[in-house]
Amino acid sequence: MKAASRILLALTIASGLMMAGAGCSYSAGSPQGDSEHVDRVLPPTTGAADYQLGGAYTPPKGVTVVTRDSTSKPAKGVYSICYVNGFQTQPDVKWPSDLILHAASGAPLVDPGWPDEHIIDISTAAKRTAAAKIIAKSTDLCARKGFSAVEFDNLDSYTRSKKQLTLDDAIAFAKLLVAEAHDRDLAAGQKNTDQLGSRGKTQIGYDFAVSEECDTFDECDQYTRVYGKHVIDIEYTDDLRGTFAQVCARKHTPPMTELRDRDLTTPGSKDYVYRSC
């Protein structure tokens, strides 16, 4: 996970989704976890996105998509995406010891960037099934609150697993998480991990992508060639590749690209920054 991917974990309204004129529907028949009776609505591709994981606030004018933590209330009148830490533990949630990875010392294996988060053990089918049942509680909360989509963070945790996990393990687990989302009529977003290529959509069943700093790392086209305009990108003020105007002007920059301060603060903070392409 790239920095500032979680500082909290929100809702949407079906009646207001059409205001942006850009939501798309999915009928049953997509790769994973489809309900037979409901269409999923994808995030708008016009307007602007606002990544509000540092705290909820009234979206700026023109915003049509808001991402909030699952513990927050939904943004009224706009499409809302629910943030869930899908592949690592939340600091305030105790997991069974046998469902988290351990270092050679026997201590729980942590994410170096977030030392209060443990990496979930998804190395076997049995463990993936057990872990998915725990994550499903958060997904269910997103659905009950009225979110339209869920973003499962830390898909790339296998890269921090000391070789205890593989990309194939992550793909197998992601399938379970996406199926849980689709069963609750939620669209599911791939978070980072451009290494997936088309497998994120065709094999796992993700409906859209959320990338952090795809311009900075020159990888935006890795997402847009798979998801088209259904890519939300967050660039950060402390690591821009040129000016934000230059970012927006680049060929592969997703239309729904925003600029945020690294800590995703709220408008009352002196550090708050928000701009959109």
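Mind the numbering: the sequence shown is residues -20 to -1, 1 to 257 in mature numbering (1 follows the signal peptide of the UniProt record, and there is no 0), read in order. For glycine and all other residues, C-beta sits at the position ideal for the given N, C-alpha and C.
Is residue i buried or exposed, if buried means 16 or more other CB atoms sit within 10 Å of its CB?
i	result
P234	buried
V45	buried
T104	exposed
G1	Because G1 carries a pLDDT of 39, less than 50, the predicted location of this residue cannot be relied on, and no value is offered for it.
V206	buried
G248	exposed
T173	buried
S85	exposed
R140	buried
V73	exposed
S178	exposed
R124	exposed
T109	exposed
G222	exposed
A225	exposed
A229	exposed
A36	buried
A167	buried
G27	buried
K117	exposed
K181	buried
Near residue i, which residues of its chain fall below 6 Å by C-beta distance, leaving aside the five closest residues on each side in sequence?
i	result
I212	A29, V190, M236
A83	L89
L121	S50
State yes or no: is the C-beta of residue i within less than 8 Å of the C-beta of residue j?
i	j	result
L81	L89	yes
Y63	S77	no
H162	F188	no
I100	Q68	yes
P54	G126	yes
D133	N65	yes
G34	T196	no
V227	Y186	no
L156	A112	yes
Q183	L135	no
I61	E160	no
Y216	R255	no
H232	C257	no
Tell me which residue opens and which closes the beta strand (DSSP E) that residue i is part of.
i	result
A55	Counting along the chain, A55 falls outside any beta strand (DSSP E), and DSSP gives it neither H nor E.
T237	236 to 240
V46	43 to 49
D30	28 to 31
residue 261	Because the chain spans -20 through 257 in this model, residue 261 falls outside it and cannot be assessed.
I214	211 to 216
E192	188 to 192
V130	129 to 133
If residue i sits next to residue j, beta carbons under 8 Å apart, how far is it from one beta carbon to the other, in whole angstroms?
i	j	result
V21	S137	Not a contact, Cβ separation roughly 28 Å.
D219	E193	6 Å
P71	D91	Going by Cβ atoms, the distance from P71 to D91 rounds to 11 Å, so no, they are not a contact pair.
How would you write the range of the alpha helix (DSSP H) that residue i sits in, first residue to last?
i	result
Q175	No alpha helix (DSSP H) holds Q175; DSSP gives it neither H nor E.
L156	147 to 163
D120	105 to 125
V227	224 to 229
Y203	200 to 207
I'd like the list of long-range same chain contacts for residue i, defined as Cβ closer than 7 Å, with 5 residues on each side in sequence excluded.
i	result
Y31	T47, I214, E238, R240, L244
Q12	With a pLDDT of only 44 at Q12, under the threshold of 50, the placement of this residue in the model should not be trusted; the figure read from the coordinates follows. Hits under 7 Å: K155, V158, A159, H162, I184, G185.
P39	D30, V46, A55, V58
D149	I102, S103, Y138
Examine the ligand NAD and report whether any of its heavy atoms sits within less than 7 Å of the Cβ of residue i.
i	result
Y216	Looking for the ligand NAD in the displayed structure turns up nothing, as the structure carries no ligands at all.
Within the same chain, show all residues whose beta-carbon is closer than 8 Å to that of residue i, passing over the 5 residues directly before and after it, in chain order.
i	result
A152	I102, A105, R108
A204	The sequence as given places Thr at residue 204; Ala does not occur at that position. Result list for T204: V211, H232, P234, in chain order.
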